[in-house]
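Visitor: Following this message is one structure expressed as structure tokens.
Residue numbers (my numbering), protein chains in the order written: chain A, -8 to 445; chain B, 9 to 435.
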């Protein structure tokens, strides 16, 4: 493959060009209710050629790998139409490397019927948990992505990106009241990620039933404590996206807002993105421009100290590339993305965090989040009211919102341990979704959080 | 025909089969931060096979158009312990024609698309040069082959053309995003209208207006209607109905919304983004009234869900999802709707939609782009505001429906709608 790619790249007359090819094999099994809903597999092959000419990019994407030279030529021609100014593209050392996935249990050697039987167990647990359980949505999916990357600077990388995901969703019903309990597990280390999730199945079903009788949270402003499984999403939405330099590098006003050294939070706050952490969902040795991933502090002691870059944004801003140019799959160009983002630990214990809260909200587990850079939301699977220093009744429909220029300052306590939930899903940006990312954090206490509700 | 060959191969083992082969060529142009940034060309191929073997379904797909044997073998393997089939592949049926191919699309040059983007960009810069603008335009052409073992076989060609423009306006720590886009199956696109719409959104947002927490009437712009439609889409999905996950199960024929509210699924609108003659199971598309004058009339079914529900497929295969949704027009002019509102919100787009428990109808979202209405006038943009309610309660509390529907994106045709009261929490 290397020779074919390098031969094709020799035809490039652009300042820079690259080819990224992928072969992805995946399979899935899904139950809904007591019946198997779908079983299948797919094998996708494809690639993208990308060329840079005078600051303009040309992309050619394809499924047929037989004519790479033509695709490179197309990308170069497209780039020439676009380019009008000097290119900015940070220098990096060329690298030749091949990384092999390390799988404890190789899911490619596991038969579809075994995959089925694992989730069938979880599905049975969900459906038998309670007579209020109406239906289920329990699925297994895996993919094994082999990536070949070569550029005109001599970099050649082969990478393997396995992923296994299980989602367990229970639906409980009482008349018109329909509630859902959800759990998931995901990871790159093999089929065992999907095994032994019986307790999660119990929990999902139990929660769906409990939520039937829980009230919606009453809207208002509360002191909120988020659990570690929600803290990572908070870090991701509240600050992670704003630190992606492609939102900043050509916008002078954003540059003023995001000047390094500016205070964004209290002294106790550190937020870090690190694509080199072993075994996390957003971990890779190299990003999709062949740049080595690393630890990047975004906020240290409450101060903005760094941001996430592609080679282009790094050059434009006169900063170092950070290994954050990622593409969700072959038809897409790499863009600046997070990898594994987390709030670092503090020194507090949960009991101390709730002790002086008269009326507050304990928000538990993530459903998701969204940001428009300044304002953001993050949604909890469920929550409990905090009354007079103690965890009180269960509440549902818990969605929190914040403003990046205020909310981080309102963090006043951090738990003493960072946790990394094994959850599925991923991050979306533009048309590229879902990109596997890691979320981590400790318990986080935030004052004056606006919580939606009736 | 490759789809026919796939079915033939599959039938050596299976008792029923369907297959599709899709080839697409597309090209697009993108401006970022006021400048031409990239040009893309794409070629894709996709083969998919679904078989029924001993009454069980298996599926497999690939982008490798040479791998006919592999994809058939994959589907057969999956079917050996697949999900039970509640249907039989249907034979050929008369289908109503709908225009989905425009000869004017394939010849569009990249230079023309650059001009489309440039003109959209300049219009917004003309309003305010501080707004950094991104714009894109793209075209595509697809050929779809479909065949099944009951004798259905056809090839359709479709085109699509679309454009979009958006801007970010940063003032102090205030970051404002707004934009507008449209795509359809024909070349005709009023791209300047997209920009004018975006400019209106920016113009109304020049001031920030404070909001008091509480219950208040909310006008959803056509774009904002997505907030109310998400739960409804899930609720009328035939599979959710069969499984009992939909709160609408058992409510056909009942009044579930205000009599002013009607919504129809219409895949037969000429050149609309989600229009087609057949669904992905080779079933002719048809117009399906979902809610008429507040009464729930139909759920959306594919072959399998219809089989389980002892109903007929409505041509929503595979997956029971809507095509083009059309919300019936009412008799209140948009301006009157605003004028009649003493204190309320106009909601255009939100964040966090679908992240709670949408099938229940509950929503709790941040108003990403919305406006305060005070004494019948729009007084500015609202910020750090959460909007919460229940879709089904809201649809029973429709105060007014706009007299003019607009396209949103390309597969939703909706007028603005005013809901009597929803809960608003502000900072």
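Just so you know, even glycine gets a beta-carbon here, dropped at the ideal spot from N, CA and C.
These figures come from a predicted structure and were not determined experimentally.
Run down chain A in chain order and give the residues with a C-beta less than 9 Å from the C-beta of residue 415 (chain B).
Guide: Here the premise fails: no neighbours, minimum Cβ distance about 20 Å.
Visitor: Between B:289, B:368, B:88, which has its C-alpha nearest residue 167 (chain A)'s C-alpha?
Guide: B:368
Visitor: For a contact defined as C-beta to C-beta under 9 Å, what are the partners of residue 172 (chain B) on chain A?
Guide: Simply none; closest approach about 12 Å.
Visitor: Is residue 412 (chain A) close to chain B, meaning its C-beta is less than 9 Å from at least one C-beta of that chain?
Guide: No, residue 412 (chain A) lies away from the interface with chain B (no Cβ there is under 9 Å from its Cβ).
Visitor: Considering only residues of the stretch 214 to 298 of chain A, which uninterrupted beta strand (DSSP E) runs meet the minimum length of 3 residues and lie entirely inside it, listed in chain order?
Guide: 262 to 265, 286 to 291
Visitor: Determine, using beta carbons only, whether residue 126 (chain B) comes closer than 9 Å to chain A.
Guide: no
Visitor: Report yes if the C-beta distance between residue 61 (chain A) and residue 360 (chain B) is below 9 Å; otherwise report no.
Guide: Result no, Cβ atoms of residue 61 (chain A) and residue 360 (chain B) do not sit closer than 9 Å.
Visitor: In whole angstroms, what separates the C-alpha of residue 407 (chain A) from that of residue 221 (chain A)?
Guide: 15 Å
Visitor: Does the contact criterion of 3 or more C-beta pairs under 8 Å hold for the stretch 380 to 400 of chain B versus the stretch 408 to 416 of chain B?
Guide: no
Visitor: Got a sec? Which residues, its chain only, sit under 6 Å from residue 149 (chain B) by beta carbon, not counting five neighbours each side?
Guide: Excluding five sequence positions before and after residue 149 (chain B), the CB atoms of its chain that fall closer than 6 Å to its own CB belong to 33, 114, 167, given in chain order.
Visitor: Is the stretch 38 to 51 of chain A in contact with the stretch 61 to 80 of chain A, if contact means three or more CB pairs nearer than 8 Å?
Guide: yes
Visitor: Helix, strand or coil, according to DSSP, for residue 371 (chain A) in the structure here?
Guide: strand
Visitor: Run down chain B in chain order and give the residues with a C-beta less than 7 Å from the C-beta of residue 51 (chain A).
Guide: 49
Visitor: Please tell me whether residue 296 (chain B) and residue 323 (chain B) are closer than 9 Å, where the distance is taken between their beta carbons.
Guide: yes
Visitor: Check the Cβ of residue 277 (chain B) against every Cβ in chain A and list those closer than 8 Å, keeping chain order.
Guide: The premise fails here: residue 277 (chain B) is roughly 25 Å from chain A at the closest Cβ pair, so nothing lies under 8 Å.
Visitor: Along chain A, in chain order, which residues have C-beta atoms closer than 7 Å to that of residue 374 (chain B)?
Guide: 366, 368, 392
Visitor: So, are the CB atoms of residue 337 (chain B) and residue 410 (chain B) less than 9 Å apart?
Guide: yes
Visitor: If you check the beta carbons only, do residue 273 (chain B) and residue 321 (chain B) fall under 9 Å apart?
Guide: no
Visitor: Closest Cβ-Cβ distance between residue 346 (chain B) and chain A: below 9 Å?
Guide: no
Visitor: Give the C-beta separation of residue 511 (chain B) and residue 359 (chain A) to the nearest angstrom, bearing in mind that I take them to be a contact with Cβ-Cβ under 8 Å.
Guide: No answer is possible for residue 511 (chain B): it lies beyond the span of chain B, which begins at 9 and ends at 435.
Visitor: With respect to the beta strand (DSSP E) encompassing residue 191 (chain B), which residues constitute its N-terminal and C-terminal limits?
Guide: 182 to 192
Visitor: In the stretch 88 to 106 of chain B, which residues sit with their C-beta less than 7 Å from some C-beta in chain A, listed in chain order?
Guide: Only those residues of the stretch 88 to 106 of chain B whose C-beta falls short of 7 Å from the nearest C-beta of chain A are listed: 89, 90, 91, 92.
Visitor: Have a look at residue 344 (chain B) and residue 269 (chain B) and give me their C-alpha separation to the nearest angstrom.
Guide: 18 Å
Visitor: At 9 Å on the CB atoms, spell out the chain B contacts of residue 72 (chain A), in chain order.
Guide: Per Cβ cutoff of 9 Å: 37, 44, 47, 118, 119, 122.
Visitor: Of all the CB atoms in chain A, is at least one closer than 9 Å to the CB of residue 396 (chain B)?
Guide: Chain A places a beta carbon closer than 9 Å to that of residue 396 (chain B), counting this residue as a contact.
Visitor: Whose Cβ in chain A lies nearer than 9 Å to the Cβ of residue 4 (chain B)?
Guide: Any question about residue 4 (chain B) goes unanswered here, given that chain B covers just 9 to 435.
Visitor: Just grab the DSSP bridge partners of residue 415 (chain B) for me.
Guide: B:421.
Visitor: Taking Cβ to Cβ, would you say residue 138 (chain A) is nearer than 9 Å to residue 157 (chain A)?
Guide: At least 9 Å separates the beta-carbon of residue 138 (chain A) from that of residue 157 (chain A).
Visitor: Comparing alpha-carbon positions, which option in A:319, A:266, A:127 lies nearest residue 299 (chain A)?
Guide: A:266
Visitor: Does any residue of chain B bring its CB to less than 9 Å from the CB of residue 447 (chain A)?
Guide: In the structure as shown, chain A begins at -8 and stops at 445. Residue 447 (chain A) is therefore absent and cannot be evaluated.
Visitor: With respect to the alpha helix (DSSP H) encompassing residue 107 (chain A), which residues constitute its N-terminal and C-terminal limits?
Guide: Under the DSSP assignment, residue 107 (chain A) falls in the alpha helix (DSSP H) whose first and last residues are 103 to 119.
Visitor: Can you have a look at residue 46 (chain B) and say buried or exposed, based on whether 16 or more other CB atoms are within 10 angstroms of its CB?
Guide: buried
Visitor: If you draw a straight line from the C-alpha of residue 217 (chain A) to the C-alpha of residue 418 (chain B), how long is it?
Guide: 39 Å
Visitor: Would residue 41 (chain B) count as contacting chain A if we go by Cβ distances under 9 Å?
Guide: yes
Visitor: Using the C-alpha atoms, what's the distance from residue 158 (chain B) back to residue 273 (chain A)?
Guide: Going by the C-alpha atoms only, they are around 46 Å apart.
Visitor: DSSP on residue 168 (chain A), reduced to helix/strand/coil?
Guide: strand
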